[in-house]
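Colleague:
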Amino acid sequence: MTRTAPLDLVAADDLFSDEERAIRDTVRKFCADRIRPHLAEWFEKGELPARDLAREMGELGLLGMHLQGYGAAGTNAVSYGLACHELEAADSGLRSLVSVQGSLAMYAIYAYGSEEQKNEWLPRMVTGEAVGCFGLTEADFGSNPGGMRTNAKKDGSDWVLNGTKMWITNGSIADVAVVWARTDEGIRGFVVPTTVKGFTANTVPGKLSLRASVTSELVLEDVRLPADAVLPHSKGLASPLGCLNEARFGIVFGSLGAARDCLETAIAYASDREVFDKPLSAYQLTQAKLAEMALELGKGMLLAVRIGRLKDAGTLKPEQVSMGKLNNVRVALRIAREARTILGANGITLEYPVMRHANNLESVLTYEGTSEVHLLVIGQALTGVGAFR
Amino acid sequence: MPNIVVLVKQVPDTYSERKLASADHTLDRASADAVLDEINERAVEEALQIKEAQGGEVTVLTVGPERATDAIRKALSMGADKAVHVSDESLHGADIIQTAKVLAKAIGTVEGYDLIIAGNESTDGVGGAIPAMLAELLGLPQLTHARKVEIDGTSVKVERETDAGRTFLEAALPAVISVGEKINDPRYPSFKGIMAAKKKPVTTLTIADLGIDASEVGLANAASQVLESAPKPPRAAGQQITDEGDGGSKIAEYLVSQKLI
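Each protein sequence line maps, in turn, to chains W and E. Its first residue numbered 1439, the first sequence is counted upward by one per residue in the working numbering. Its first residue numbered 235, the second sequence is counted upward by one per residue in the working numbering.
And the structure:
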C-alpha cells in the first residue's frame, strides 16, 4: 500500500504559497547537501564550523531573512518559520545559530538601534561575514532576567560595563554582542564589538545537548564603550523580551522539524526492522505510537501556521507565541522520546537522529522561556493576574 | 554580452516511483513529484556564470504541460531573466523530433540569441538527441557533452567528454552546446531570487502561436511508438558471499560478470 507522509495527514502543503514552499524546499536541500552528512560528527565532537556555515547561510538569505532592508531577504514570517522547521529537522543547534543571529542579535539592532548602528552591523550580519550573539541571561537569572547583575555606568560620556552573561549561543565566535545591562535609566541594550578591551567569551564545556552549537559565557570587565554604543530605542525589560518573542516564533515551527525527522526515522525503521518474523510496523502497539505522534505533529503544525499568519498580519500577541512554543516543544520532545523506543538500542546512537533530537529538545524546552514561564504567560492572559513571583 | 537561451525540462523526481500511464504508455506525470531536471540546473548555472562574467541575458525555454511553470520558476529563482513556455495539449506524447521542431520555432521568438545551452540528456526520456536535432534544424554548430565552456564574444570553445575520451571543440556563435554532469555545481536559489522570480516575465505560447499545426504533433503523429510496457519486477533478494578466504576473488568475479570491471 502507498504511504502518506506524516504532515500530509493535515495537508500542510496546501497552507503555503508557492514562494513559501520554494524557500522551504531550498533550505531542505541545503540541509541535505551541506549539513546532514556532517551532523553526527559535529555532535559527537561538540564542534560546529559556525562561521563557515554562517557565510553559506548568508548566501542563501537565511540570516535575518524576515527583516526589511539592509540587504536582508525580506520574506514573510511564515517563510522564516518554514526555514526554521527545515533547519531544526537537521539539528536544533543549526536553527539556534540562525535564530540568535536573525531574531535576537540582528532584531535587537534592527528594532532598537540607531541608523548608524544598523548600517554598521546589519549588512554584514545578513551575509554572515559578521556573527552576533545576545547577552541577556545570567547564571543566576534565567526566568527572572530583570534581576540581572550586569551593569552599565556613565563615566563622562562613556559607558563602563561589568558583569557575566551565561548560556550565550554563538558567544565565542561572535563579532558583536548585544548585551543587556542595568543602568540608572533601567535595563538598556549595548552594541559591544567583541574585540573591545575587557570582553572575553569562554565556551561552556560538558554539554549533553545542542552539541552542534556554540554555547558560551561572556565576561565583561570594565568594558569601556562610547556614548553611541547604547541601543537608543531600548527602554526597560520589554526590549529584550520583544527579541525573545521573535526567537520563540522560530521555535514554534522549528521544534516540529525535529519531531518530523524523528517520526520519519521511526516509520522507516519500523518498516524495515523485523521482530518475531514480521515488520515492527505491523504491530498494533507500534502503529498506535506512530499514529499518536503524527496526530500531535499535525496539530502542532496547524497551530504553527495559524501563529505565522497572525504574525504576518501584525496581530500576534505574546501569549499566542507562548502557546505555540509551549505546545510544540512539548510534543516534539514526546515524539522524539517515543521514536527512540521504536528504534530500540539503535535509537541511542548517532547513527540515527532521534536521541540527538531528544537531547537537543531538552534545551529548547528551557531556552527562550521555559514551559513553566509560558504557562504563566498564558495564565496571566486568561486571568489578568501575573503569577510569576 | 551574450544572449543565452537555456533549455529546461520538468521531469519526475528520480527519488519518486516513476511509471508510464497504462492507457497510452506515455509518462504518468501525476504519479510522481515533478522537478527541474538536475542536468538543467547545471545548464542554467553555466549560463548564469557566463552572464555574471560577461553580462547579457538568460532566457529559459521549456516545452511542457501547465505545471512545468514550477520548473521555470526554479530556473528564474536561480537568476535567469525571463522564460518562454510552450504549453499545448496537442503536444501530449510528442516524440523527440517533434519536440526539437517546437523548440527550434520557439527559439526563433528570442531575438538575437548567441548561445543555446541544454543538458546532455534528460533523466526521464534519456534520449540525448535534442541538442543535436536542434542544431540541425537551426543550421548551427553543435558542441555536445561539455565539461568546460569558454566564450569570447564571437566564438565558443568546449571541452567535450564522453566514454571515448576528451575532445576540444571550437565554433563560431551562435551555437548549440550541451553540458554534462561535471560542468559545475549548480547554486541554490537565494531567497531574494525566489521572491524576484514571480515578477520575471514568462511568455506562454501555444503551437499555433509558433505556426505549427496540431496534425504535425502529438502521440498520433509520433515517429516512435511504445507498443507495450510492464512494471519493473520487484527487487530480487541480494546475493550473499561468505568469505572463505576467497571473498575478494568472488567479488571480482561478480563484478566481471556484471561487466562493471
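No residue lacks a Cβ here, since even glycine has one placed at the ideal position from N, Cα and C. Here the structure is a predicted model, which means the values were calculated and not measured.
Taking the alpha helix (DSSP H) that Thr1569(W) falls in, what are its first and last residues?
Modeller: For the purposes of this step, residue 1569(W) is taken as the residue at position 131 of the first sequence. Reading off the sequence, residue 1569(W) comes out as Val, not Thr. That residue, Val1569(W), is in no alpha helix (DSSP H); it is neither H nor E in DSSP.
Colleague: Anyone know if the C-beta pair for Phe1628(W) and Leu1682(W) falls short of 8 angstroms?
Modeller: In the first sequence, residue 1628(W) corresponds to position 190, counting from 1. In the first sequence, residue 1682(W) corresponds to position 244, counting from 1. No. Outside cutoff.
Colleague: Closer than 8 angstroms, Cβ to any Cβ of chain E: which residues of the region 1456-1477 of chain W, in chain order?
Modeller: Asp1456, Glu1457, Ala1460, Ile1461, Thr1464, Lys1467, Phe1468
Colleague: In whole angstroms, what separates the C-alpha of Thr1703(W) from that of Thr1804(W)?
Modeller: To locate residue 1703(W), count along the first sequence from 1; it is residue 265. To locate residue 1804(W), count along the first sequence from 1; it is residue 366. Their Cα atoms are separated by approximately 25 angstroms.
Colleague: Using CA coordinates, which residue listed in Ala255(E), Ile331(E), Pro246(E), Leu310(E) is at the minimum distance from Ala369(E)?
Modeller: Reading the second sequence from its first residue, position 135 is the one you call residue 369(E). If we check each option's Cα against that of Ala369(E), Ile331(E) comes out closest.
Colleague: Classify Glu300(E) as helix, strand or coil using the three-state DSSP reduction.
Modeller: Looking up residue 300(E) in the second sequence gives position 66. Here Glu300(E) sits in helix by DSSP.
Colleague: Quick check on the burial criterion: 16 or more other C-beta atoms within 10 angstroms. Buried or exposed for Glu415(E)?
Modeller: Residue numbering aside, residue 415(E) sits at position 181 when the second sequence is read from its first letter. Glu415(E) counts as exposed, since fewer than 16 other beta carbons sit within 10 angstroms of its beta carbon.
Colleague: Pull out every residue of the region 422-444 of chain E whose Cβ sits closer than 9 angstroms to any Cβ of chain W, in chain order.
Modeller: Tyr422, Pro423, Ser424, Phe425, Lys426, Gly427, Ile428, Met429, Ala431, Lys432
Colleague: DSSP state of Ala314(E), grouped into three classes?
Modeller: What you label residue 314(E) is simply residue 80 of the second sequence in a count that begins at 1. Three-state result, Ala314(E): coil.
Colleague: By DSSP's criteria, Lys335(E) is part of a beta bridge. Which residues make up the other side?
Modeller: On the second sequence, residue 335(E) is found 101 positions in, with the first residue counted as 1. Its beta-bridge partners do not exist; DSSP assigns none.
Colleague: In the DSSP assignment, the beta strand (DSSP E) including Asn1640(W) goes from what residue to what residue?
Modeller: For the purposes of this step, residue 1640(W) is taken as residue 202 along the first sequence, with counting starting at 1. Looking at the DSSP string, the run of the beta strand (DSSP E) that includes Asn1640(W) is 1637-1641.
Colleague: Taking 8 angstroms as the CB-CB cut-off, is Ser321(E) touching chain W?
Modeller: Position 87 of the second sequence holds residue 321(E). For Ser321(E), the answer is no, since every Cβ of chain W falls outside 8 angstroms of its Cβ.
Colleague: So, for Gly1502(W): in the same chain, excluding its five sequence neighbours on each side, which residues have a beta-carbon less than 6 angstroms away from its beta-carbon?
Modeller: Residue mapping note: residue 1502(W) aligns to position 64 of the first sequence, counting from 1. Excluding sequence neighbours, Gly1502(W) sits near Ala1510, Gly1540, Met1544, Val1564.
Colleague: Taking just the CA atoms, how far does Arg1587(W) sit from Glu1553(W)?
Modeller: Numbered from 1 along the first sequence, position 115 holds the residue referred to as residue 1553(W). Numbered from 1 along the first sequence, position 149 holds the residue referred to as residue 1587(W). If I take the Cα positions, the gap works out to 29 angstroms.
Colleague: Classify Val1823(W) as helix, strand or coil using the three-state DSSP reduction.
Modeller: Position 385 of the first sequence, counted from the start, is the residue given in the question as residue 1823(W). Val1823(W): coil per DSSP, three-state reduction.
Colleague: Report the option in Met1793(W), Pro1643(W), Glu1734(W), Val1815(W) whose CA atom is closest to the CA atom of Gly1484(W).
Modeller: Start at 1 with the first residue of the first sequence, and residue 1484(W) comes out as number 46. Here the closest residue by C-alpha is Pro1643(W).
Colleague: Taking Cβ-Cβ distances shorter than 7 angstroms, what residues in chain E pair up with Gly1383(W)?
Modeller: With chain W represented from 1439 up to 1827, any question about residue 1383(W) goes unanswered, as that position is not in the structure.
Colleague: What residues from chain W crowd round Ser311(E), counting only those whose CB sits closer than 7 angstroms?
Modeller: Along the second sequence, read from residue 1 onward, the residue named residue 311(E) stands at position 77. Ala1460, listed in chain order.
Colleague: My guess is that Leu1733(W) and Leu1701(W) are in contact by the Cβ rule of under 8 angstroms, so how many angstroms apart are they, rounded?
Modeller: Within the first sequence, the letter at position 295 stands for residue 1733(W). Within the first sequence, the letter at position 263 stands for residue 1701(W). The pair is not a contact, with the Cβ atoms about 11 angstroms apart (cut-off 8 angstroms).
Colleague: I'd like to know whether the C-beta of Thr1602(W) is nearer than 8 angstroms to at least one C-beta of chain E.
Modeller: Residue numbering aside, residue 1602(W) sits at position 164 when the first sequence is read from its first letter. No, its Cβ sits nowhere closer than 8 angstroms to a Cβ of chain E.
Colleague: Could you have a look at Pro1583(W) and say whether DSSP puts it in helix, strand or coil?
Modeller: By 1-based counting over the first sequence, the position of residue 1583(W) is 145. Helix at Pro1583(W).
Colleague: Enumerate, from N- to C-terminal direction, the unbroken beta strand (DSSP E) stretches of 3 or more residues contained entirely within the region 1642-1677 of chain W.
Modeller: You should have 1653-1663.
Colleague: Can you check whether the CB of Glu1494(W) is closer than 8 angstroms to the CB of Arg1472(W)?
Modeller: Against the first sequence, residue 1472(W) aligns to sequence position 34. Against the first sequence, residue 1494(W) aligns to sequence position 56. Yes, the Cβ-Cβ distance between Arg1472(W) and Glu1494(W) is below 8 angstroms.
Colleague: Determine the direct distance from the alpha carbon of Gln376(E) to that of Ala366(E), and round the result to whole angstroms.
Modeller: Numbered from its first residue, the second sequence carries residue 366(E) at position 132. Numbered from its first residue, the second sequence carries residue 376(E) at position 142. Cα atoms of Ala366(E) and Gln376(E): separation of roughly 6 angstroms, rounded to the nearest angstrom.
Colleague: Does the separation of the CB atoms of Glu1806(W) and Ala1615(W) fall below 8 angstroms?
Modeller: Within the first sequence, numbered from 1, the residue matching residue 1806(W) stands at position 368. Within the first sequence, numbered from 1, the residue matching residue 1615(W) stands at position 177. Cβ atoms of Glu1806(W) and Ala1615(W): not closer than 8 angstroms.
Colleague: In the DSSP assignment, the alpha helix (DSSP H) including His1523(W) goes from what residue to what residue?
Modeller: As a working mapping, residue 1523(W) is identified with position 85 in the first sequence. Element bounds for His1523(W): 1515-1528.
Colleague: Quick one: is Arg301(E) buried, meaning 16 or more other Cβ sit within 10 Å of its Cβ, or exposed?
Modeller: Within the second sequence, numbered from 1, the residue matching residue 301(E) stands at position 67. Classification for Arg301(E): exposed.
Colleague: Which residue from Asp1451(W), Ala1492(W), Thr1513(W), Asp1529(W) puts its Cα closest to that of His1476(W)?
Modeller: For the purposes of this step, residue 1476(W) is taken as residue 38 along the first sequence, with counting starting at 1. The candidate whose alpha carbon is nearest that of His1476(W) is Asp1529(W).
Colleague: Between Arg1441(W) and Asp1451(W), is the Cβ-Cβ spacing less than 8 angstroms?
Modeller: Here residue 1441(W) refers to the residue found at position 3 when the first sequence is read from its first residue. Here residue 1451(W) refers to the residue found at position 13 when the first sequence is read from its first residue. No, the pair does not count as a contact, with Cβ atoms beyond the cut-off.
Colleague: Is there at least one Cβ from chain E nearer than 8 angstroms to Thr1513(W)'s Cβ?
Modeller: For the purposes of this step, residue 1513(W) is taken as the residue at position 75 of the first sequence. With 8 angstroms as the cut-off, Thr1513(W) counts as an interface residue toward chain E.
Colleague: Taking 8 angstroms as the CB-CB limit, is Met1503(W) close to chain E?
Modeller: In the first sequence, counting from the first residue as 1, residue 1503(W) sits at position 65. Yes, Met1503(W) lies at the interface with chain E (some Cβ there is under 8 angstroms from its Cβ).
Colleague: Comparing alpha-carbon positions, which option in Asp480(E), Glu478(E), Tyr488(E), Glu462(E) lies nearest Gly472(E)?
Modeller: Position 238 of the second sequence, counting from 1, holds the residue named residue 472(E). Nearest option by C-alpha distance: Tyr488(E).
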